[in-house]
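Numbering (this note's numbering), first residue to last: 1115 to 1218. In this text, a Cβ means the ideal position worked out from N, Cα and C, and glycines have one as well.
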């Protein structure tokens, strides 16, 4: 498995595929509520397995940095992938100068 950190432009397709399966299909979140203005300013993380996106999350900068939209495909859950993403985004937020980080 590989963890990749990047921008929305770089990781959009991978992040969207995971979020679509987890939030829209599994949890029945309306699609118009899933995509928002924060995607373009956030730092994103995507985890791949054999080049297939299996997990994603995002870090929104601000006075209080926010980690959210954490999602892992059902087959890959309970393997510590969420923890890996969380650690990577906390480290990224710290490097960006975050003083407070909130998990949504």
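Remark: three or more beta-carbon pairs, one from each stretch, lie closer than 8 angstroms, so the segment 1176 to 1195 and the segment 1205 to 1214 are flagged as touching.
Per DSSP, the continuous alpha helix (DSSP H) segment holding residue 1208 begins and ends at 1195 to 1209.
Ranked by Cα distance from residue 1131, the options 1151, 1185, 1173 and 1146 are led by 1185. Pairing residue 1137 with residue 1143 gives a Cβ-Cβ distance under 8 angstroms. For residue 1129, the uninterrupted alpha helix (DSSP H) segment begins and ends at 1122 to 1133.
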